[in-house]
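Enquirer: Dumping the structure here so I can ask a few things about it.
In the numbering used here, the protein residues as written are 242 to 409.
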């Protein structure tokens, strides 16, 4: 089986996920996992699929024919072994400001950790008078690193940043 990573971007519309999943099924693909989002009227999705080699070309052609969507298909790297490194989910909240994601990403990288998943948003905080940034980040820690080292480094960015963990 050929492992694929599909990215799709385009104008959102009702039935879009059904259309994509129907193309996958009709072309003998197996939908393994996905992250799909609606942002400002646009659909953005990343999907992991598997398909037998003999059906790859027809699946690729059918996905590329989906109307008004930009589709990119990459072959997955099956040589990478599943990670045995510790993963943590960080729940991050603080006053929003330009550059906050860059600061967080920089601290995590400098600790030798890797962000493998990030969901973030800005929300209104009428009682505080400033917009609030919130994020959930899955972070893979290097061998021997204690999660508290990463949390302390993140919280040292600014006094208004709160970092908690939740179970992975």
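Don't be surprised by glycine CBs; every beta carbon is placed ideally from N, CA and C. Bear in mind the structure is a predicted one, so any value in this text is a computation, not a measurement.
Just checking my contact of residue 331 with residue 380 at CB under 8 angstroms: how many whole Å lie between their CB atoms?
Expert: For this step, residue 331 is matched to residue 90 along the chain shown. For this step, residue 380 is matched to residue 139 along the chain shown. Correct: roughly 6 angstroms between the Cβ atoms.
Enquirer: So the alpha helix (DSSP H) residue 346 belongs to, where does it begin and stop?
Expert: Numbered from 1 along the chain shown, position 105 holds the residue referred to as residue 346. Unbroken alpha helix (DSSP H) run through residue 346: 341 to 351.
Enquirer: Going by DSSP, which residues form a beta bridge with residue 249?
Expert: Here residue 249 refers to the residue found at position 8 of the chain shown. Partner(s): 286 and 312.
Enquirer: Kindly indicate which residue of 287, 300 and 242 has the alpha-carbon position closest to the one of residue 263.
Expert: Walking along the chain shown from the start, residue 263 turns up at place 22. Closest by alpha carbon: 300.
Enquirer: By the three-class DSSP mapping on this structure, what secondary structure does residue 257 have?
Expert: Here the question's residue 257 lines up with position 16 in the chain shown. Helix.
Enquirer: Just checking, does the segment 270 to 278 make contact with the segment 327 to 344 on the three C-beta pairs under 8 angstroms criterion?
Expert: no
Enquirer: Ends of the beta strand (DSSP E) at residue 378?
Expert: The residue given as residue 378 occupies position 137 in the chain shown. Where residue 378 is concerned, the enclosing beta strand (DSSP E) stretches over 373 to 381.
Enquirer: Residue range of the alpha helix (DSSP H) that residue 326 falls in?
Expert: As a first step, residue 326 must be located in the chain shown, where it is residue number 85. For residue 326, no alpha helix (DSSP H) encloses it, and the DSSP letter there is neither H nor E.
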